[in-house]
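J.: Take 68 as the starting number for the sequence shown in the working numbering and just add one per residue.
Where is the CB? At the ideal position from N, CA and C, for every residue including glycine.
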Amino acid sequence: MNTKKNLFILTGAGVSKESGIKTFREKDGLWENYKIEDVCTVEAFIKDPNLVNNFYNERRSSIIDQKILPNEAHYQLAKLEKKWKGDFILVTQNIDNLHEQAGSIKILHMHGSLDKCFCMNCGAKYKFNFDLSIEFVCKKCNVKGKVRVDIVWFGEQPKYLDKIYKYLDRTDVFLSIGTSNNVYPAAGFIDYLKHQKRKIDFYEFNIEKTSKSFLFTKSFIGPASETLKKLVDST
């Protein structure tokens with residue numbers, strides 16, 4: 068790849084899965100044995116904040132306690148960022164911070180991050196390094212029980228969309244890694260780029276081909292930790 072071009076990278080659950088993190092959308096429609104609608108909506112938080120808080124406390128502690136670490140795919144993307152001379156942005160749908168642990172800097176978490184939380188009443192932001200509880204009082208507005216994990220729940224707008232589309236408007240090379248490109252709005256990024264009037268190269272990295280594979284210039288099939296290394300080494 069020409070490192071002077073503008074590069075846009077989209078990563079999904081398949082990248083984190085190689086580190087041992089379970090994917091968000093399992094075939095049975097459950098996330099860690101919970102129904103999505105019970106733990107991933109504002110309505111669920113209002114109905115049963117204890118259940119929702121405990122769910123995310125467990126998710127956070129499971130990543131920390133099990134010492135989940137970045138895999139080779141994360142490190143290769145950080146390496147690619149250092150090599151790249153043109154515009155570079157990594158947009159991830161993942162809520163872990165494994166990209167950052169591996170050294171990635173130019174990154175946007177469009178679905179939020181599990182290591183942050185915020186107050187729904189005043190917007191105050193916190194590092195999520197404690198157990199969330201309905202007894203927690205926001206230090207800024209003094210309201211109790213309104214601090215929640217800072218990830219995008221169903222029905223909420225993904226983060227940084229304005230920035231993301233500005234990057235897309237000048238993208239020359241698009242890498243899709245560990246995602247089926249079926250979840251919107253990220254699923255629409257390729258179609259958006261296809262309507263641009265300039266030449267854009269599209270590369271897919273997945274464990275297997277998907278229903279969107281035909282849209283890509285080339286598909287690299289296999290573990291991203293292996294296929295990415297070959298690409299980065301040759302760049």
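Which two residues bound the contiguous beta strand (DSSP E) that contains TYR234?
T.: Careful: TYR234 lies outside any beta strand (DSSP E), inside the alpha helix (DSSP H) at 228 to 235.
J.: Skipping 5 residues on each side, what residues in its chain have a beta carbon closer than 7 Å to that of LYS297?
T.: For LYS297, where only same-chain residues beyond five positions count, there are no Cβ hits under 7 Å.
J.: If ASN209 and GLY79 are in contact, beta carbons under 8 Å, what's the gap, nearest whole angstrom?
T.: Going by Cβ atoms, the distance from ASN209 to GLY79 rounds to 39 Å, so no, they are not a contact pair.
J.: Please classify GLY96 as buried or exposed, where buried requires at least 16 other C-beta atoms within 10 Å of its C-beta.
T.: With a pLDDT of 48 at GLY96, under the threshold of 50, the modelled position of that residue is not reliable, and no figure is offered here.
J.: For LEU282 and GLU110, I'd like the C-alpha separation in whole angstroms.
T.: Approximately 37 Å, taken between the alpha carbons.
J.: Is the closest heavy atom of the ligand ATP to the C-beta of ASP300 under 7 Å?
T.: In the structure on display, the ligand ATP does not appear, and there are no ligands present to speak of.
J.: Of the choices LYS149, VAL219, ASN248, PHE287, whose alpha-carbon is the least far from that of GLY170?
T.: Ranking LYS149, VAL219, ASN248, PHE287 by Cα distance to GLY170 puts LYS149 first.
J.: Near ASN124, which residues of its chain fall below 7 Å by C-beta distance, leaving aside the five closest residues on each side in sequence?
T.: Taken in chain order, the residues that qualify are ASP198, LEU199.
J.: Nearest CA to the CA of THR238: which residue from HIS176, VAL158, ILE130?
T.: Cα-wise, what sits closest to THR238 is VAL158.
J.: Please classify THR294: does DSSP put it in a helix, a strand, or coil?
T.: Correct three-state label for THR294: helix.
J.: If you follow the beta strand (DSSP E) that GLY179 is in, where does it begin and where does it stop?
T.: Counting along the chain, the beta strand (DSSP E) containing GLY179 begins and ends at 179 to 186.
J.: Run through DSSP, which three-state label would TYR142 get?
T.: Helix at TYR142.
J.: What three-state label does DSSP hand VAL210 in the structure shown?
T.: Of the three classes helix, strand and coil, the one that applies to VAL210 here is coil, per DSSP.
J.: Can you tell me which residues form a DSSP beta bridge with THR78?
T.: Answer by DSSP bridge pairing, in chain order: THR159, ILE244.
J.: What are the partner residues of LYS261, as DSSP defines its beta bridges?
T.: Its beta-bridge partners do not exist; DSSP assigns none.
J.: Leaving out the 5 sequence neighbours to the left and right, which residues in its chain are closer than 6 Å to CYS107 when beta-carbon positions are compared?
T.: Within the same chain, CYS107 has close Cβ partners TRP220, PHE221.
J.: Let me make sure I understand the geometry here. Which of GLY255, SER86, GLY190 has the alpha-carbon closest to that of LEU165?
T.: For the residues GLY255, SER86, GLY190, the minimum Cα distance to LEU165 belongs to SER86.
J.: Assign LYS279 to buried or exposed, taking buried as 16 or more other Cβ atoms, counted over all protein chains shown, within 10 Å of its Cβ.
T.: With 16 or more other Cβ atoms within 10 Å, it is buried.
J.: Excluding the 5 residues flanking CYS184 on each side, which residues of the same chain have their C-beta closer than 7 Å to its C-beta?
T.: These residues qualify, in order along the chain: TYR193, PHE195, LEU199, VAL214, ARG215, VAL216, ASP217.
J.: For a test of the three-state rule: what should DSSP assign to ASP198, helix, strand or coil?
T.: Correct three-state label for ASP198: coil.
J.: Just confirm the distance between the C-beta atoms of MET177 and TYR227, as a whole number of angstroms; I'd bet it's less than 8 Å.
T.: With 8 Å as the limit, MET177 and TYR227 qualify as a contact, their Cβ atoms being about 6 Å apart.
J.: For CYS186 versus LYS211, is the C-beta spacing smaller than 8 Å?
T.: For CYS186 and LYS211, no; Cβs fall outside 8 Å.
J.: Would you mind giving the Cβ-Cβ distance between LEU295 and ALA145, rounded to the nearest angstrom? I have them listed as a contact below 8 Å.
T.: Not really, about 11 Å apart at Cβ, beyond 8 Å.
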